[in-house]
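Colleague:
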Amino acid sequence: MFVCAGAACTRTTPAIETDAAPAARAKSRAAPALNVPALVGRTIDEVREVLGNPREAHAQPLGAEPTAAQWNTGQAREWTNTFDYQDATIVATFDARTRKVRDLVLLGGNEDELMRRGNLDLVSDTYLVLPVPSPVEPSKITGIRVLARK
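When we follow the numbering used here, the leftmost residue of the sequence shown carries the number 7, and every step to the right adds one.
(1) If M121 sits next to I96, beta carbons under 8 angstroms apart, how far is it from one beta carbon to the other, in whole angstroms?
(2) For I103, does the count of other Cβ atoms within 10 angstroms reach 16, so buried, or fall short, so exposed?
(3) Under the assumption that T99 contacts P43 (Cβ atoms under 8 angstroms), give the Cβ distance between them as a whole number of angstroms.
(4) Between which residues of its own chain and N41 is the CB-CB distance below 6 angstroms, once the five residues before and five after are set aside?
(5) Along the chain, where does the beta strand (DSSP E) that runs through R151 open and close?
(6) Please report the Cβ distance between V111 and V138, rounded to the nearest whole angstrom; I am assuming they are in contact, meaning their Cβ atoms lie under 8 angstroms.
(7) Given 7 angstroms as the limit, tell me if D90 has its C-beta closer than that to any heavy atom belonging to the ligand GDP.
(8) Secondary structure at P141, three-state DSSP: helix, strand or coil?
(9) If you draw a straight line from the C-alpha of E143 to the C-alpha of E119, how long is it?
(10) My guess is that V152 and D101 are in contact by the Cβ rule of under 8 angstroms, so how many angstroms apart are they, rounded?
(11) Expressed to the nearest angstrom, what Euclidean distance is found between the alpha-carbon atoms of A154 and N59?
(12) Leaving out the 5 sequence neighbours to the left and right, which residues in its chain are closer than 6 angstroms to G47 when beta-carbon positions are compared?
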């Protein structure tokens with residue numbers, strides 16, 4: 007009887023192996039993590055390819071792109087797009103003429119969490135990370151700003 011019980015414990019069943027396989031495949035198909043370093047130094051069009059359509063694409067009069075009237079008044083030099091990506095909010099400021107992204111801001115109050123979610127390091131040869139202080143409580147942050155090193 008002891009031998010039989012030992013054999014039963016070491017035997018694997020096909021049902022268990024089959025049930026585990028879809029979970030492993032689902033993990034590999036999960037949405038890619040937010041990789042802010044890969045977005046630094048890109049154009050707004052390249053950022054949109056990764057993060058999707060900005061919120062401003064659905065709002066007027068301040069849309070995803072400057073209007074003709076805004077171009078004529080000079081308001082269109084710097085423009086912002088706000089993205090919602092994997093439960094993160096990212097604001098990209100870009101030069102509307104050159105399309106080059108000037109900075110990316112990840113919004114939130116926990117610097118460590120924002121660094122982790124954005125796949126960022128405090129020390130990098132390609133970008134700088136700066137806290138964005140809260141205007142109401144300067145000892146707290148409203149996000150982190152990521153700038154390309156020139």
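Even glycine gets a Cβ: it sits at the ideal position worked out from N, Cα and C.
Modeller: Once the coordinates are examined:
(1) That pair is no contact at about 14 angstroms.
(2) At residue 103 the sequence reads Arg, which differs from the Ile that was named. Exposed is the call here.
(3) The Cβ separation is near 17 angstroms, so there is no contact.
(4) N125
(5) 147-154
(6) 6 angstroms
(7) Questions concerning the ligand GDP fall outside what the structure shown contains, since it holds no ligand whatsoever.
(8) coil
(9) 19 angstroms
(10) Actually they do not touch by this definition, with Cβ atoms about 16 angstroms apart.
(11) 22 angstroms
(12) A154
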